[in-house]
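Data block below; observations after.
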Amino acid sequence: MIRVLFVCLGNICRSPMAEYVFKDLVRKENLSNKFEIASAATSSEEIGNGMHYGTKRKLNELGIKYEKHIARKITKEDYKKYNYIIGMEESNIRAIKRIVGEDKENKIFRLLDFSKSPRDIADPWYTGNFDKTYVDILEGLKAFLNFLKEKSKL
Ligand code: 4NP
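In the working numbering, the protein residues as written are 1021 to 1174.
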């Protein structure tokens, strides 16, 4: 089982989008039984809240299924449980390490560092542009899945 936790600041926009798009990608490749996939926040700002309307609208537009989402904050236990802890931007990586401590097992990654053009995922919070966020996330997730296929012989 490969356990993957996607992480952003609030766990209402980017990381739930990554969670549900990745679940959809692995479902389409009949790999769902090999994965446990979830998402979490680094801040307490949105804890208990549902997904942002912009993320839900984008997932609906794409016909991607999602469950009732409740934002939660990453914990030290998550570091033990998950094999890959994937932040959306550089500041997420620093915030994750502040919460879980040193990345002794090399589990913490920035999503687009798996791609050919390493960068932060576009943040829709101030722009309202969830289309750009989705394009970035899909690029990162496809690159991540390819990485796993090579590494873990999926
Ligand atoms: P997310 O988006 O980190 O992609 O879920 C944000 C959510 C909340 C805030 C910023 C970004 N905020 O400032 O509260």
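Here a beta-carbon is modelled for each residue, glycine too, at the ideal position from N, C-alpha and C.
Proximity below 8 angstroms, CB of E1170 to CB of D1140
Indexing the sequence shown from 1 puts residue 1170 at position 150. Indexing the sequence shown from 1 puts residue 1140 at position 120. When the beta-carbon positions are compared, E1170 and D1140 stay at least 8 angstroms from each other.
Considering only residues of the segment 1026-1106, which uninterrupted alpha helix (DSSP H) runs meet the minimum length of 4 residues and lie entirely inside it, listed in chain order?
For the segment 1026-1106, whole alpha helix (DSSP H) runs of length 4 or above, ordered along the chain, are 1034-1048, 1073-1082 and 1096-1101.
Status (buried if at least 16 other CB within 10 Å, exposed otherwise) for Y1104:
Residue mapping note: residue 1104 aligns to position 84 of the sequence shown, counting from 1. Sixteen is the threshold: when 16 or more other Cβ atoms of the shown chains lie within 10 Å of the Cβ of Y1104, as they do, the residue is buried.
Can at least three beta-carbon pairs, one atom from the segment 1057-1076 and one from the segment 1085-1093, be found at a separation below 8 angstroms?
Contact annotation: the segment 1057-1076 touches the segment 1085-1093, with at least three C-beta pairs closer than 8 angstroms.
Below 8 angstroms on the Cβ atoms is my contact criterion, and I expect V1008 with L1131 to pass it. Report the Cβ-Cβ distance as a whole number of Å.
In the structure as shown, the chain starts at 1021 and stops at 1174, and residue 1008 therefore has no counterpart that could be examined.
Cβ-heavy atom distance between I1116 and the ligand 4NP below 7 angstroms?
Here residue 1116 is taken as the residue at index 96 of the sequence shown, counted from 1. I1116: no, Cβ never under 7 angstroms from the ligand 4NP.
CB I1032 to CB N1080, shorter than 8 angstroms?
Counting from 1 along the sequence shown, the entry for residue 1032 is found at position 12. Counting from 1 along the sequence shown, the entry for residue 1080 is found at position 60. No, the pair does not count as a contact, with Cβ atoms beyond the cut-off.
Where the beta strand (DSSP E) containing F1129 begins and where it ends
Within the sequence shown, numbered from 1, the residue matching residue 1129 stands at position 109. I1128 to R1130 is the extent of the beta strand (DSSP E) around F1129.
Give me the Cα-Cα distance between I1072 and D1044, rounded to the nearest whole angstrom.
In the sequence shown, counting from the first residue as 1, residue 1072 sits at position 52. In the sequence shown, counting from the first residue as 1, residue 1044 sits at position 24. Checking the sequence shown, residue 1072 turns out to be His, not Ile. If you take the alpha carbons of H1072 and D1044, they lie about 19 angstroms apart.
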